[in-house]
Each structure stands twice: as C-alpha cells, then as structure tokens.
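Counted from 1, the sequence shown has number 488 at position 308 by our numbering; the numbering is strictly sequential. Backbone N, C-alpha and C fix where the C-beta goes; we use that ideal spot for every residue, glycine too. Fair warning: this is a prediction, and the values are worked out from it, not measured in the lab.
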Amino acid sequence: MSLALILSFTVLMVAVVPVAHALVIASGAALLWDGNMPLMLVAQQMFQQTQSFPMLALPFFILAGTLIMEGKLGEELLRFSGEIMQRLKGGALSTTVVGSVVFGGVSGSAVANASALGSVLIPWQKRQGYPAGLCAANNATSAVIDILIPPSIPMILYAVVSGVSIGDLFMAGVLPGIMMAGGFVAVCWWQARRLNVASEAPPLDLGRLLRLGLYALPALILPVLILVALRFGFATPTEIAVMAVLYALVASLALYRDMSWARFRKAMIDAGIATGIVMMVIMGSAAASWILTYDEVPQRFADWVSTTLHAPWLVILAMNLIMLAIGGPLDLAPAILLLAPIFVPLAQTIGLDTLQLGLIMVINLGIGLYTPPVGTTLFISSTIAGSSMAETTRALWPFFWVAIGLLALISYVPALTIRF
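Right, dumping it as structure tokens:
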C-alpha cells in the first residue's frame with residue numbers, strides 16, 4: 181500500500197493538485213490498490229486526527245495573530261522596531277528581522293509574517309536605496325524566524341504528531357530564534373556596508389522612543405506572558421491561545437480603540453480560512469501516516485538507516501539532507517506531518533532527543549519556505565518587491581548559509597536545545 185500511496189501522491193503533486201487533496205486521494209488509491217480494506221478508513225483517520233484538545237490552540241493563535249497584525253497594536257509594534265533599528269548600518273533591512281522576532285510572539289505563521297511585514301517595509305527599504313532582490317530575500321528569510329519564536333503553528337503540529345510537550349517546544353525555540361535573528365542582522369549590516377547605503381534616519385529622540393515603546397508595550401509583553409504562563413504551568417497552550425485572543429480584543433477595544441465590527445468580522449474570516457487550510461492538510465496527512473504506519477514503514481526505515489549508517493552523526497546528517505530535499509517542493513505543514521512519524525522512531529533509535537528533533541525539523545523545513553521551486557515566502561516577497569526570482573535567489577545566499585549554520589549547531593550541540 182505504501183508504494184501505491186507514494187506513487188499516487190507524486191503524480192498528483194506533479195499535476196499541481198493541492199497538497200491536502202493529493203494526500204486524501206492518494207490514501208484512497210492506496211486502499212483501493214490493496215483491496216482488503218474499506219475506503220471508510222480514510223474518513224475515520226481524517227476525523228480522528230481532529231479530535232485533539234491541543235489542536236484547538238491552532239485556530240486561536242491564528243486569530244490572535246490576525247487581530248494584532250492588522251490593527252494599531254501591530255502598527256505600533258512595527259513603528260517601535262523601526263525606530264530602534266533604522267539608525268544602524270543596514271538598519272532598514274534589520275527592521276524586518278527584528279519585526280519578525282516581535283511579530284513571532286503573536287503570529288506563529290511565517291507566511292502571514294512575510295505578507296504583513298513585506299507590504300509595509302519593502303517599499304520603504306527600496307526608497308532607502310536597497311535593491312529589490314535584496315529586500316525580497318531579507319523578507320523571505322526573516323519570516324521564518326516567526327516559526328521559532330513562540331507561539332509557533334509548525335511546533336504545535338510536530339507536538340501533536342510526536343507527543344512532545346508543546347510548552348517545552350515553545351520554550352526551546354526562543355534561543356534558536358534569537359540566534360537566527362542575530363545572524364540575519366549581521367548579514368544586513370554586511371550588505372549595507374557592501375552596497376554603501378547610508379541611513380537617512382533623524383537623530384535619536386529619547387522621548388519619542390519612550391512614547392513609541394509605551395504604545396507598543398501591550399504587544400511587546402504578550403510573548404513574555406505566554407512564556408511565563410508556559411514555564412510555570414499557569415495554563416495549557418490551548419488555554420493560553422484563548423487568552424491571547426481575549427488579550428488582543430481587550431487591547432484593541434479599550435487601549436487603541438480601533439476595533440470595529442467590520443475588522444473583527446474580517447479577522448474571523450481570515451483566521452477561519454487559514455485554519456481550514458491547515459486542518460485539511462492535517463486530516464489528509466493523518467490518513468497517509470496511518471497507511472505508512474500500518475505497513476511498518478517508519479520502523480523498517482529506522483532499522484535500515486541504523487544498520488547502514490552506524491554513526492549517529494551520519495544518521496542526523498542523512499535526516500537533514502532528506503528534510504532539505506523534501507522541504508523545497510513540499511510545504512511546511514504536510515512535510516512535518518508526514519516526516520515526523522518516520523523520523524521520531526529513528527531519533528529514538530540513535531538516542532536523539534525528540535525535542536531536539538522538533539527544532540531540527542522546524543528549522544530545516546522552514547528553510548524550504550524560501551527555497552525554490554515552491555518557496556512560499558520567496559514568492560510572496562518577490563511579488564511585493566517586484567523582483568524576479570533570479571534576483572531574489574542571488575541575494576538570498578548569505579541568509580541561507582546563516583540558517584544552515586544554525587541548523588548544524590542545533591543538530592549537533594544538544595545544549596542549545598534548552599529545557600526550561
């Protein structure tokens with residue numbers, strides 16, 4: 181059955197069928213090929229995967245991010261980040277990086293981050309004198325920081341599949357996210373120096389900076405509140421997601437007073453559409469994963485790799501290469517849902533912490549979001565900047581190698597996978 185599943189899925193992907201539909205159709209085709217199992221199994225597995233309490237965190241975190249990023253709360257957050265960074269060499273580019281860090285604490289979606297920040301910052305960066313391709317590359321790569329800083333939608337998906345604590349994953353993602361941001365800021369500084377682009381920012385006004393910080397404070401403290409609540413067990417991730425929505429509503433209604441029925445309705449619709457897309461992928465992946473597990477593919481793959489590649493470091497390298505190869509053509513969510521059931525048993529075989537594997541997988545497959553041929557943030561950023569794919573790809577390499585360096589560190593230095 182697994183061979184029929186893989187072949188059907190490959191053909192459907194080549195035919196540009198949406199991933200979620202391709203997974204469901206390929207699973208049905210595999211059962212028909214076997215002939216001994218009813219098609220009802222596909223529907224049962226799809227439904228069963230949705231019956232998870234932690235999964236409720238997905239729609240609420242998406243809604244919280246939508247409410248914040250499209251209102252004054254997000255505007256003040258972005259204005260404060262720009263005020264801090266724009267006086268540095270390459271500060272206009274670095275504002276995107278810092279903005280991704282702070283928006284990562286409220287959004288959890290790299291694609292949403294690329295759209296929201298890119299539409300505001302890329303035109304400004306081009307007016308500062310930066311090439312369109314560089315602006316697009318910076319936006320496409322920086323958006324991936326969003327999925328490392330909690331809350332993170334890909335981390336929730338991995339936790340549901342692997343059984344790892346969502347709270348532990350969220351806490352462990354903070355340090356790698358900050359390290360990636362630091363590396364990207366260094367690239368922005370180097371690019372500005374290479375291109376000799378000077379900053380046009382006015383002198384620092386401490387009073388203005390304090391005022392902007394005060395206006396942005398409600399958004400700045402939200403990630404801190406999430407981490408504190410997770411660290412000390414005040415609430416589950418799902419409960420925190422609900423409280424984040426209430427927090428965003430109260431801030432918009434009482435503090436910024438920019439909440440209208442039309443904006444709330446639009447946020448609900450956008451969050452519903454985004455949740456529906458993610459849930460459809462989850463349901464399709466559940467049916468495909470069940471077939472792979474029934475055929476004992478994860479166990480057989482783990483046994484084959486462990487006997488072929490005896491050294492654990494070689495196994496980790498092989499997993500990274502496989503994820504890099506799959507992360508380009510396949511989107512982040514289905515890649516996690518399909519690979520996690522296969523790689524978790526393999527990680528346990530070689531003694532690799534499944535929490536560390538989660539970070540490796542999120543960073544690795546996140547790189548696929550800006551890797552051709554199907555890099556989602558790459559296409560979004562290039563479209564906003566008006567640059568060709570070739571221009572954006574050429575400017576992307578320094579950011580790419582920083583991400584690869586971080587991936588190597590997380591893969592082989594377990595101390596960086598901090599359990600708080």
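Along the chain, where does the alpha helix (DSSP H) containing residue i start, and where does it finish?
i           : result
residue 629 : Here the chain covers residues 181 to 600 and nothing more, so residue 629 does not appear.
residue 446 : 441–474
residue 562 : 556–565
residue 578 : 569–592
residue 489 : From DSSP, residue 489 is part of no alpha helix (DSSP H); its letter is neither H nor E.
residue 530 : 512–530
residue 188 : 182–194
residue 299 : 290–307
residue 334 : 333–342
residue 322 : 312–322
For residue i, name the three-state secondary structure that DSSP assigns.
i           : result
residue 269 : coil
residue 216 : coil
residue 415 : coil
residue 597 : coil
residue 356 : helix
residue 551 : coil
residue 274 : helix
residue 329 : coil
residue 231 : coil
residue 533 : coil
residue 280 : helix
residue 438 : coil
residue 544 : helix
residue 478 : helix
residue 345 : coil
residue 508 : coil
residue 198 : coil
residue 376 : coil
Can you give the Cα-Cα distance for residue i and residue j, rounded to whole angstroms?
i           : j           : result
residue 206 : residue 212 : 10 angstroms
residue 188 : residue 208 : 10 angstroms
residue 420 : residue 409 : 8 angstroms
residue 386 : residue 257 : 17 angstroms
residue 330 : residue 403 : 7 angstroms
residue 398 : residue 445 : 22 angstroms
residue 395 : residue 372 : 30 angstroms
residue 563 : residue 495 : 38 angstroms
residue 590 : residue 441 : 45 angstroms
residue 314 : residue 581 : 15 angstroms
residue 493 : residue 588 : 11 angstroms
residue 128 : residue 518 : Within the shown structure, residues of the chain are numbered from 181 to 600, placing residue 128 beyond reach of any answer.
residue 229 : residue 334 : 16 angstroms
residue 469 : residue 388 : 54 angstroms
residue 527 : residue 534 : 7 angstroms
residue 449 : residue 491 : 50 angstroms
residue 521 : residue 473 : 8 angstroms
residue 551 : residue 568 : 14 angstroms
residue 411 : residue 181 : 43 angstroms
residue 459 : residue 199 : 12 angstroms
residue 423 : residue 215 : 48 angstroms
residue 299 : residue 250 : 12 angstroms
residue 264 : residue 370 : 18 angstroms
residue 183 : residue 516 : 20 angstroms
residue 294 : residue 537 : 25 angstroms
Q. Is the stretch 589–598 touching the stretch 346–357, taking contact as three or more C-beta pairs under 8 angstroms?
A. yes
Q | Segment contact flag, the stretch 218–225 with the stretch 236–255, C-beta cutoff 8 angstroms, min 3 pairs | A | no
Q: Flag this pair as touching only if the stretch 358–377 and the stretch 267–279 have three or more C-beta atom pairs under 8 angstroms; answer yes or no.
A: yes
Q: Assess, as a yes-or-no matter, whether the stretch 494–506 is touched by the stretch 539–547 under the definition of 3 or more beta carbon pairs within less than 8 angstroms.
A: yes
Q. Given 8 angstroms as the limit, is there contact between the stretch 320–340 and the stretch 554–574, that is, 3 or more CB pairs closer than that?
A. yes
(Q) Can you confirm whether the stretch 471–488 touches the stretch 564–576 when touching is taken to mean that 3 or more C-beta pairs between the two stretches lie within less than 8 angstroms? (A) no
(Q) Quick check: the stretch 331–339 against the stretch 303–311, are at least 3 beta-carbon pairs closer than 8 angstroms? (A) no
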